[in-house]
Amino acid sequence: MARWVALLRGVNVNGITIRSADLAGVFRDLGYDDVRTVLASGNVVFSAEGPLPALQSTIEQALRDRFGYDAWIVLVPHDALAAILDGFPFDSAEDRHDYVLFGSDQDALDDLLADLPLDDTVEQVAPGTGVVYWSCPKGSSTDTAFAKRAGAARFKRTTTTRNANTLRKLL
3 MARWVALLRG
13 VNVNGITIRS
23 ADLAGVFRDL
33 GYDDVRTVLA
43 SGNVVFSAEG
53 PLPALQSTIE
63 QALRDRFGYD
73 AWIVLVPHDA
83 LAAILDGFPF
93 DSAEDRHDYV
103 LFGSDQDALD
113 DLLADLPLDD
123 TVEQVAPGTG
133 VVYWSCPKGS
143 STDTAFAKRA
153 GAARFKRTTT
163 TRNANTLRKL
173 L
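Residue numbers (this note's numbering): 3 to 173.
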């Protein structure tokens, strides 16, 4: 049975509140095994059989039905997560936050990076396989050029961002 990580977009922000126990219950009700939620920000590790597109659409519909919001997730094979973290291309620093933006649509990731007016003295951005790596000063994760672009409505359905520290807890 394959192990997966479901990264929910927009959970426990903007009025969408989902308790971890309720979230885990949705995955268990779908028949998935070894369900574990991590933090209160929409991270679920679980085991299930099936192709990624079918799992993703099933989970999104179950979340919509149960919680009544326009649910979108990025689904990542669990065994790929360590490699994604190992591939982080920037040096960590005490005064910075390291993030990985996950995407379920390569065209959206390409659009996200196209002609990005980046000040590399402030933030660092690099593409990866199915992800974009991002490092920014602490306290600026909503107001840098990349943060503003990534927050645009056109990326809502296909991307979600996680702090590298959160990702390590999913391993």
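All C-beta atoms in this analysis are idealised placements derived from N, C-alpha and C, irrespective of residue type, glycine included.
Here the structure is a predicted model, which is why all the values come from computation and not from measurement.
Item                                                                                                                 : Value
From the DSSP secondary-structure annotation, give me the bridge partner or partners of Asn-45.                      : Leu-9
Which of the three DSSP states, helix, strand or coil, is assigned to Thr-161?                                       : strand
Residues in its own chain within less than 8 Å of Leu-83 by CB, not counting five upstream and five downstream?      : Val-7, Leu-169, Leu-172 and Leu-173
Going by DSSP, what residues sit across from Phe-104 in a beta bridge?                                               : Val-133 and Thr-162
Given a cut-off of 9 Å on the beta-carbon distance, is the pair Thr-160 and Trp-74 in contact?                       : yes
Can you tell me which residues form a DSSP beta bridge with Val-127?                                                 : Trp-136
Can you check which of these residues, Pro-55, Asp-122, Glu-51 and Ala-152, is closest to Arg-5 by C-alpha distance? : Glu-51
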